[in-house]
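Engineer: Residue numbering for the sequence shown follows my numbering, starting at 12 and increasing by one per position.
Using N, Cα and C, we set each Cβ at its ideal position, and we do this for glycine too.
Below: one structure in structure tokens.
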Amino acid sequence: MDDQLSRVFSALADPIRRDMVARLAVGDATVNELAGPYSVTVQAVSKHLKVLEDAGLVSRSKQAQRRPVHLEAEVFDLMTKWIERYRREAEQRYQRLDAVLAELDVEDTGQTRVEGEAS
């Protein structure tokens with residue numbers, strides 16, 4: 012599992028990490044701010060953030076005494092391209108299946124369809 016896409020999907024498999032990503036989509040936050048709603052330790056939140064960081068989903072910067080966590084939204088482009096590829100392929104398979112079923116329906120009823128006519 013050394014490719015980035017695998018790391019991203021693996022990181023997002025955990026509901027706490029998915030929630031953190033959703034919260035970071037609204038804006039940057041510190042580890043303490045991210046830990047607030049969860050009944051886990053700040054150390055556990057830091058471990059979750061490390062997984063997200065290793066996947067390239069978040070980065071941390073230093074602003075004076077703050078170390079905000081930032082969502083790296085361009086990683087979602089990688090996921091979207093992958094998902095879209097398979098969505099298109101599935102859609103094409105369904106369109107081919109629809110065409111075959113329509114032909115079978117025409118054969119069963121003994122009717123002929125005019126090209127472009129809705130069934």
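In whole angstroms, what is the alpha-carbon distance linking P48 and Q106?
Structural biologist: If you take the alpha carbons of P48 and Q106, they lie about 45 Å apart.
Engineer: Under the rule that 16 or more other beta-carbon atoms within 10 Å means buried, what is L115, buried or exposed?
Structural biologist: Exposed, because fewer than 16 other Cβ atoms sit within 10 Å of the Cβ of L115.
Engineer: Is any beta-carbon of chain D found at less than 7 Å from that of D116?
Structural biologist: No chain D appears in the structure shown, which is made up of a single protein chain.
Engineer: Measure the CB-CB distance between V80 and V69 and report whether it falls below 7 Å.
Structural biologist: Yes, these two residues count as a Cβ contact at 7 Å.
Engineer: In this structure, how does DSSP classify S21 when only helix, strand and coil are distinguished?
Structural biologist: Three-state DSSP puts S21 in a helix.
Engineer: With a cut-off of 8 Å on the beta carbons, I'd call M31 and L45 a contact; round off their distance for me.
Structural biologist: At roughly 6 Å, the Cβ-Cβ gap stays under 8 Å, so M31 and L45 are in contact.
Engineer: M98 to S57, Cα distance in whole Å?
Structural biologist: Checking the sequence, you will find Arg at residue 98 rather than Met. Approximately 34 Å, taken between the alpha carbons.
Engineer: Can you give me the C-alpha to C-alpha distance between D39 and E102, rounded to a whole angstrom?
Structural biologist: Rounded to the nearest angstrom, the two C-alpha atoms are 37 Å apart.
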